[in-house]
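S.K.: One structure, pasted below without further comment.
Numbering (UniProt numbering), first residue to last: 1 to 156.
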């Protein structure tokens with residue numbers, strides 16, 4: 001993707017690259033039960049471009065548009081020196097039995113929903129109960145002896 005490429009003249013001017021390489025860096029949302037792992041690496045990647053096009057069928061006798069279609073064309077170009085960015089997200093959704101379940105609400109509310117809410121006690125992730133990495137660990141331990149003993153089974 002062109003926006004992830006380091007412009008060639010940046011090397012000559014000594015400006016820093018647009019990203020800093022990292023591997024398996026853990027992050028956590030402070031509102032919802034989401035953990036994420038980010039990896040950013042220099043890589044040879046195919047340049048991908050997207051262009052929009054319009055296609056219309058016109059009635060020649062009357063000059064009317066019979067149908068119009070908009071579309072996208074994606075082109076894969078040659079390998080270029082660029083960046084590979086991988087973000088893996090792990091979500092804890094709750095029991096999915098009620099749209100009012102705090103685990104679901106914190107995931108689906110937008111920041112503006114939280115600002116406009118009249119409730120003084122907005123639910124949010126308790127970092128002592130669910131520290132960074134706890135949700136990822138639950139997903140990675142799924143199927144092991146801890147199955148059924150995760151945060152979904154508590155009513156907090």
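Every residue gets a Cβ at the ideal spot worked out from N, C-alpha and C, and that includes glycine. Values in this document were obtained by computation on a predicted structure and should not be read as measured data.
When we look at the beta-carbon of residue 32 and count the other beta-carbons within 10 Å, is it buried (16 or more) or exposed?
M.R.: buried
S.K.: Alpha carbon to alpha carbon, what distance is there between residue 39 and residue 81?
M.R.: Between the alpha carbons of residue 81 and residue 39 lies a distance of about 17 Å.
S.K.: Can you give me the start and stop residues for the alpha helix (DSSP H) that residue 116 sits inside?
M.R.: 111 to 116
S.K.: Run the CB neighbour count on residue 77, radius 10 Å, all protein chains shown included, and call it buried at 16 or more, exposed below.
M.R.: Exposed.
S.K.: Name the residue from 54, 127, 85 whose alpha carbon lies nearest to the alpha carbon of residue 24.
M.R.: 85
S.K.: Here's a check: name, in chain order, each residue in its chain whose Cβ is nearer than 7 Å to the Cβ of residue 89, leaving out the five neighbours to either side.
M.R.: 34, 36
S.K.: Where does residue 26 fall in DSSP's three states?
M.R.: strand
S.K.: On the DSSP letters alone, give me the boundaries of the alpha helix (DSSP H) that residue 134 sits inside.
M.R.: 134 to 141
S.K.: Just verifying my parser: in three-state terms, what is the DSSP assignment at residue 155?
M.R.: Caution is warranted here: a pLDDT of 44 is assigned to residue 155, below 50, making its placement in the model unreliable, and the coordinate value is therefore given only provisionally. It is coil, neither helix nor strand.
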